[in-house]
Structures are given as structure tokens and as C-alpha cells.
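Colleague: FYI, the numbering for the sequence shown is 1 to 287, going by UniProt numbering.
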Amino acid sequence: MMKEEIDSLVPGRDFSRRDFVQTTVGSGFAAAVLPVAAQTVTTDSVGLEAGSVSIPVGDFRMPAYRAQPAGRKDLPVILVASEIFGVHEHIADVCRRFAKLGYLAIAPELFVRHGNAGVYTDIPKLIAEVVGKASDAQVDGDLDATVAWAAANGGDVTRLGITGFCWGGRTTWSYTAHNPGVKAAVAWYGPVARPYFAGDKTVIDKAASIKAPVLGLYGAADTGIPVDTLTQLEAALKAAGNTACEFIVYPDTPHAFHADYRPSYRKAAAEDGWAKCVAWFRKNGVA
1 MMKEEIDSLV
11 PGRDFSRRDF
21 VQTTVGSGFA
31 AAVLPVAAQT
41 VTTDSVGLEA
51 GSVSIPVGDF
61 RMPAYRAQPA
71 GRKDLPVILV
81 ASEIFGVHEH
91 IADVCRRFAK
101 LGYLAIAPEL
111 FVRHGNAGVY
121 TDIPKLIAEV
131 VGKASDAQVD
141 GDLDATVAWA
151 AANGGDVTRL
161 GITGFCWGGR
171 TTWSYTAHNP
181 GVKAAVAWYG
191 PVARPYFAGD
201 KTVIDKAASI
211 KAPVLGLYGA
221 ADTGIPVDTL
231 TQLEAALKAA
241 GNTACEFIVY
251 PDTPHAFHAD
261 YRPSYRKAAA
271 EDGWAKCVAW
281 FRKNGVA
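(1) Could you compute how far the alpha carbon of P226 sits from the alpha carbon of W188?
(2) Can you tell me which of L237, T243, G241, W274 puts its alpha carbon nearest to the alpha carbon of Y250?
(3) Taking only the alpha-carbon atoms, compute the straight-line gap between R262 and P69 and give it to the nearest angstrom.
(4) Say whether chain C places a C-beta atom closer than 8 angstroms to the C-beta of S264.
(5) If you drop the 5 nearest sequence neighbours on each side, which residues of the same chain put their C-beta closer than 6 angstroms to that of S174?
(6) Helix, strand or coil: which one does DSSP assign to L110?
(7) Excluding the 5 residues preceding and the 5 following A221 in the sequence, name in chain order all residues of the same chain whose CB lies nearer than 7 angstroms to its CB.
(8) Taking 8 angstroms as the threshold (C-beta atoms), are A105 and T172 in contact?
(9) What first and last residue would you give for the beta strand (DSSP E) that runs through P69?
(10) Going by DSSP, what residues sit across from Y250 in a beta bridge?
(11) Closest to A279 by C-alpha separation, out of A38, S52, A184, V130, would be which residue?
(12) What residue range does the alpha helix (DSSP H) around E49 cover?
(13) Go ahead and label E271 buried or exposed: buried means 16 or more other beta carbons lie within 10 angstroms of its beta carbon, across all protein chains shown.
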């Protein structure tokens, strides 16, 4: 069980218009997070090509949600790695936010081989039966295939970035260690001192392989990610010669502070983090 996922799931206000469970990739919300909160942000798809796509990974077809400006090519690419709940409406909305800024943003459903994360209401069971079975080796291969798909569908992968939240925040660090083609990354409250899949290395263990600039966005009141683990990672990165990474730790801020559909949302930190995320990609060649 990952404590920060459970801590951040205090019931929010009812918002019946959006109280539906995910049925296809990028639609609806995961059952574990219902009812969603009234402050949920919705980004329209006007001017975008947005929706589900299918990505070949060997003989397997992996679903993903993609958003990009309509009719445009040679777009910078942002991979979006989901939380433990899979690619539901919030992750799709993040993709649309990037697309409105001129990116091809794509969120692959990285848990799909192991089950439908969207239908679980029991968080420990979700982690044990689905999330904990997605190894770094599998995820790295799936993201490599996603990059290849983006390159063949309007993306310029010489301008490749990745961002993600919680499990996806850890994946952001891990994939940056795996793929030297990542130009820049932004990790939102991803654990760095423990893996989800038994046998995988921690992010701290992988620090020497992380060459790109990564911005880490964290909350000081996140009960599952002690600030001292971030200090350890920062020291390991610098010891390996990577001085381009930065950490921002928001005071009195919990886990999942960007998740506007949940009561853990903190508007000021989320908006500041988003502005810094976009600026980070632009500063580091993903624009």
C-alpha cells in the first residue's frame, strides 16, 4: 500500500455531472476517486485533434490518449505518465492543456496488460493487482513505443519531454534515466526512495543515469515522500555530475496537489507548478 495515495482520497464535494467511471481511455474518472470535486478543471478540444489512439508494442496494441493542434506537424512531444488510476479524464485534460500550447501530448495506458485501473475502488488491491505489476522494463518499452508512434504521427522527438504525477512522477525520473533522448522532464510528487514493482531500483539508485534537466515538484506535507529523500536524490544527481535538476517543495502542501478533481488540490501550488513546468520545457529545448 502506498500511503500517499490513500491519504489524498478524502471524499470531496459531489459533482454529479462528472460522476461517471472511466469506460474508454481518457474518458470519465476512476472509480476510486468518485465523487470528483467541484473545482475540476475542464479544457476543451477546440482546434485540437484529441482522442484515443492505438500504439503497437510488438504484437500488443496499447491504448493511449493523444492531443495535438489540428493540422500541424513537427510538434514538440510531451509524454504524460498517469497516477495509479490510469489514463482517465484528468490525465486527458492535462494532454489537452499541453496541446493548446502547441505540443503533441500523449498519455499511454501503461497498466492495461494487468487490468483496468479505472474500475478499482480498493486502493491497496489496485496497487497489488495492477500497479505493482508494471515493471520499469515494461514501462520503458511502452514509452519507447509511444515515442516511436509520436515520431510517425506529427511529432518531433528531438524535442522530447516527459511529465507525470505520483506513480507517473516516479516514472518520469525512471524513464529519463532510461532514454537519453529526453531533453527535459517534470516530475510531480513521484516517490524517489522506493519502487512500486518488486525488484526495480529506486530513483536514487538510478541517479547516475539521469542526464537531462529534471524539475521535481513536491509538497512538504506529503506524508509518503519525506523531504529528506529528495535531498538524497539531489545529492546523488550532483555527485553524478548532473547539476541541471531543480526541486521545488511547496510548504504545507500535501500529495496530489495538482489533482484538481480531488480534495488534495491546492490551487496556488498547482498553478505555480504548472507555470514552472511549462517554463522548464521551454527553457530546456522542448518547445
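Here a beta-carbon is modelled for each residue, glycine too, at the ideal position from N, C-alpha and C.
Modeller: Per the coordinate set shown:
(1) Residue numbering aside, residue 226 sits at position 226 when the sequence shown is read from its first letter. Residue numbering aside, residue 188 sits at position 188 when the sequence shown is read from its first letter. For the pair P226 and W188, the Cα-to-Cα distance works out to about 14 angstroms.
(2) Stepping through the sequence shown from its first residue, residue 250 is reached at position 250. It is W274.
(3) For the purposes of this step, residue 262 is identified with residue 262 of the sequence shown, where counting begins at 1. For the purposes of this step, residue 69 is identified with residue 69 of the sequence shown, where counting begins at 1. One C-alpha to the other measures close to 28 angstroms.
(4) Structure shown: chain C not included; a single protein chain is present.
(5) As a position in the sequence shown, residue 174 is number 174, starting the count at 1. Contacts found: D136.
(6) Numbered from 1 along the sequence shown, position 110 holds the residue referred to as residue 110. L110 falls in the coil class under three-state DSSP.
(7) Taking the sequence shown and counting its residues from 1, one reaches residue 221 at position 221. Only D252, T253, P254 meet the Cβ criterion.
(8) Within the sequence shown, numbered from 1, the residue matching residue 172 stands at position 172. Within the sequence shown, numbered from 1, the residue matching residue 105 stands at position 105. Result no, Cβ atoms of T172 and A105 do not sit closer than 8 angstroms.
(9) Taking the sequence shown and counting its residues from 1, the one referred to as residue 69 is at position 69. It spans 60-69 - the beta strand (DSSP E) in which P69 sits, taken as one unbroken run.
(10) To locate residue 250, count along the sequence shown from 1; it is residue 250. Per DSSP, G219.
(11) For the purposes of this step, residue 279 is identified with residue 279 of the sequence shown, where counting begins at 1. When each option's Cα is compared against that of A279, the closest is A184.
(12) Taking the first residue of the sequence shown as 1, we reach residue 49 at position 49. It is not in any alpha helix (DSSP H) - E49 instead sits in the beta strand (DSSP E) that spans 48-57.
(13) Taking the first residue of the sequence shown as 1, we reach residue 271 at position 271. Looking at its Cβ environment, which holds fewer than 16 other Cβ atoms inside 10 Å, E271 is exposed.
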